[in-house]
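Residue numbers (our numbering), protein chains in the order written: chain A, 67 to 138; chain B, 149 to 423.
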């Protein structure tokens, strides 16, 4: 009976350690700090930012410069 | 070691199953929080099960169906955990894509900043150029309004240099009464001197006192200048735009004319020889 209790206690300690390790691994996993819906929203926002900034740069790079009038 | 089964734990785990509302509330939570919460439940349930099994050897179970309940909950929680892990895996991939997008956003930001800097520089350069051009236009306009004929300026220059003001005459020796400035006698013998009838004061020490007092020069010592003629009333007139004024007095001598002709070719022609 005592040995069983000791075994149980040992197994419980191992279980606790494993679960703690699992907790640490979960904490270090990237990208799960928000819910899937929030993450999708953030992704859409980022895509929109990139698109807008690309458009802005394209606009200014292709902006019409000075029209030099030809000498008559 | 006494292990006490706490029915409250099972009840709380059972309670977490039911309501859709709490699930909705849980859905707002981050995946990490949900995973940790399920893991806590798993830990508690598995401990309870083990403790129950250990207890059942010695004592009678207080509630006969409780072990089945715990097992069912455990299986359910494990299923949830597996589903959440799949969601977490998907979120990890999305996170990688977001990191790439963030890098691209940073690059675009730096490009925009660079463009902004260049535009500011161009604006500064253009503003400076426009300002300078405006100033130049003002100067041009001012010059046009105050334009003088180059012929007149050249004539003036010739007259000034013809009076030996810039260089002594070639035959000048010490003792020669000629000076590069109008002397006292010359001033007195001019228009102003005759008009004012100024008394002589002997400032010019070139001549004998009598001649000085009389205000006359002996003919021998009378300086002879190109612009002087029989008519002493002709003097320097004030400058006047576009007028051909008396630069060439009626009795001007040929010497002066020759000097004008030779000026452009001979650098020493500005001082004319008298006598």
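We treat Cβ as the ideally placed atom computed from N, Cα and C, and that holds for glycine.
Bear in mind that the values here come from a model prediction, so they are computed numbers and not experimental data.
Return the first residue and the last residue of the alpha helix (DSSP H) that residue 341 of chain B is part of. 339–344
**Prompt:** When DSSP labels each residue in this structure, what does residue 177 of chain B get in the three-state scheme?
**Reply:** coil
Checklist entry - Which chain B residues sit within Cβ distance under 7 angstroms of residue 108 of chain A? => result 246
Rounded C-beta distance between residue 229 of chain B and residue 184 of chain B? I'm assuming under 8 angstroms. Wrong, their Cβ atoms sit about 10 angstroms apart, outside the cutoff.
Suppose contacts are defined by Cβ-Cβ distances below 8 angstroms. Is residue 253 of chain B in contact with residue 74 of chain A by that definition? no
| When you compare each of B/213, B/178 and B/250 to residue 236 of chain B by their alpha carbons, which one comes out closest? | B/178
Q. From what residue to what residue does the alpha helix (DSSP H) around residue 276 of chain B run?
A. 214–293
From what residue to what residue does the alpha helix (DSSP H) around residue 102 of chain A run? 102–127
- What is the rounded straight-line gap between the Cα of residue 234 of chain B and the Cα of residue 256 of chain B? 33 angstroms
- prompt: Name the residues in the region 105–129 of chain A whose C-beta lies less than 7 angstroms from a C-beta of chain B; which are they?
  reply: 105, 108, 109, 112, 113, 115, 116, 119, 120, 122, 123 and 126
For residue 186 of chain B, name the three-state secondary structure that DSSP assigns.
helix
- Message: On the criterion of 16 or more Cβ atoms from any shown chain inside 10 Å, does residue 299 of chain B qualify as buried, or is it exposed?
- Response: exposed
Let me confirm a value: residue 334 of chain B is counted as buried when at least 16 other C-beta atoms fall within 10 Å, else exposed. Which label applies?
buried
Any beta carbon of chain B sitting closer than 8 angstroms to that of residue 88 of chain A? yes
Where does residue 144 of chain B sit, in a helix, a strand or coil, going by DSSP? The shown model of chain B, from 149 to 423, leaves out residue 144 of chain B, and the question about it has no answer.
| field | Where residue 307 of chain B falls: helix, strand or coil (DSSP) | value | helix
Neighbour-count burial assignment, residue 199 of chain B, 16 or more Cβ in a 10 Å radius = buried
Select from B/194, B/295, B/239 and B/292 the residue whose C-alpha is nearest the C-alpha of residue 100 of chain A. B/239
- Message: Determine whether the beta carbon atoms of residue 98 of chain A and residue 187 of chain B lie at a separation below 8 angstroms.
- Response: no
So, does the CB of residue 178 of chain B fall closer than 8 angstroms to a CB anywhere in chain A? yes
**Request:** With 8 angstroms as the threshold, decide whether the Cβ of residue 256 of chain B is near any Cβ in chain A.
**Result:** yes
Could you tell me whether the Cβ atoms of residue 250 of chain B and residue 112 of chain A are closer together than 8 angstroms? yes
* What is the rounded straight-line gap between the Cα of residue 325 of chain B and the Cα of residue 341 of chain B? -> 19 angstroms
Kindly indicate which three-state DSSP category residue 324 of chain B falls into: helix, strand or coil? coil
Exposure of residue 246 of chain B, with buried meaning 16 or more beta-carbon neighbours within 10 Å
buried
| query | How about residue 197 of chain B and residue 218 of chain B: do their beta carbons lie closer than 8 angstroms? | reply | yes
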